[in-house]
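In this note's numbering, the protein residues as written are 1 to 248.
Next comes the structure, spelled out in structure tokens:
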């Protein structure tokens with residue numbers, strides 16, 4: 001005849017062990033019982049206390065990193081504005097507003113971005129959006145707590161720009177899958193890899209923001225202008241945080 005051992009299964013063994021410990025603890029003197037329970041609780045709760053402490057440390061670290069990131073973005077924007085040939089922006093009072101990307105357009109993921117800042121944060125239509133001194137786009141719609149950004153990758157996006165090296169101006173225009181620089185004179189020396197920045201002339205964006213680098217240079221058939229294509233420095237599809245510049 002086979003006799004089943006009630007302590008064969010691990011769960012039953014653990015329960016039996018806990019019951020024995022409970023009986024032993026109850027039979028101990030009051031002072032010894034208190035010391036035992038304090039020691040046991042410290043041992044059992046140590047992982048919880050440790051993890052809670054680490055979570056607090058991580059939250060504080062994340063707060064500090066966020067502050068540093070905000071300061072870095074402000075410094076980069078100010079530096080680019082100072083380097084630009086036109087110093088019309090008021091640098092000393094520049095206050096950028098950080099925002100998190102909470103939604104993207106379903107079709108491309110890069111043309112329209114929704115952020116968690118709106119009119120309650122003094123965010124209005126037409127304000128430029130940047131990241132590390134690079135132009136990302138502009139606000140085209142704003143509600144109380146959210147806003148929509150049209151990025152430089154959205155067809156129809158336009159902004160006045162200039163060649164950083166020669167300060168020759170043109171108009172950036174996004175058409176389909178291309179970002180083109182239009183009305184750029186044929187006689188100006190420009191090469192693949194050259195940097196394009198905002199000119200600030202008749203535009204929502206202040207001068208000196210980095211837009212991207214030249215990807216294609218063609219003489220084309222036009223008698224006066226070159227055919228130029230631009231590639232942004234920043235991967236807009238990977239951005240989770242952006243910054244909005246105040247109105248000048």
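All residues carry an ideal CB built from backbone N, CA and C; glycine is no exception. Values in this document were obtained by computation on a predicted structure and should not be read as measured data.
| Check | Outcome |
| --- | --- |
| Cβ-based burial, residue 13 [other Cβ within 10 Å; buried from 16] | exposed |
| Reference residue 159, options 146, 142, 118 and 175, closest by Cα | 175 |
| Rounded distance between the beta-carbons of residue 210 and residue 192, thought under 8 Å | The Cβ separation is near 17 Å, so there is no contact. |
| Candidates 115, 204, 207 and 170, of which the one nearest residue 228 by Cα | 170 |
| Touch test, the stretch 145–153 against the stretch 113–120, Cβ-Cβ under 8 Å, three pairs minimum | yes |
| Residue 169 in three-state terms, based on DSSP | strand |
| DSSP three-state assignment for residue 201, whether helix, strand or coil | coil |
| Those runs of the beta strand (DSSP E) which lie wholly inside the stretch 128–180 and span at least 3 residues | 128–131, 134–142, 147–151, 158–163 and 169–175 |
| Integer Cβ distance of residue 236 from residue 110, believed to fall under 8 Å | 5 Å |
| Presumed contact (8 Å Cβ cut-off) between residue 197 and residue 164, rounded CB distance | 5 Å |
| Cβ-based burial, residue 184 [other Cβ within 10 Å; buried from 16] | buried |
| With 16 other Cβ atoms within 10 Å as the buried cut-off, status of residue 23 | exposed |
| Backbone CA spacing between residue 201 and residue 106 [nearest angstrom] | 33 Å |
| Bridge-paired residues (DSSP) for residue 218 | 227 |
| Whole-angstrom distance between residue 212 and residue 244, CA atom to CA atom | 18 Å |
| Sub-7 Å separation of residue 242 and residue 96 beta-carbons | no |
| Alpha-carbon to alpha-carbon, residue 179 and residue 156 | 10 Å |
| Where the beta strand (DSSP E) containing residue 243 begins and where it ends | 241–244 |
| Start and end residues, beta strand (DSSP E) containing residue 185 | Here residue 185 belongs to no beta strand (DSSP E), and DSSP marks it neither H nor E. |
| For residue 247, the nearest candidate out of 224, 72, 205 and 215 (CA to CA) | 205 |
| Residue range of the beta strand (DSSP E) that includes residue 111 | It is not in any beta strand (DSSP E) - residue 111 carries neither H nor E in the DSSP assignment. |
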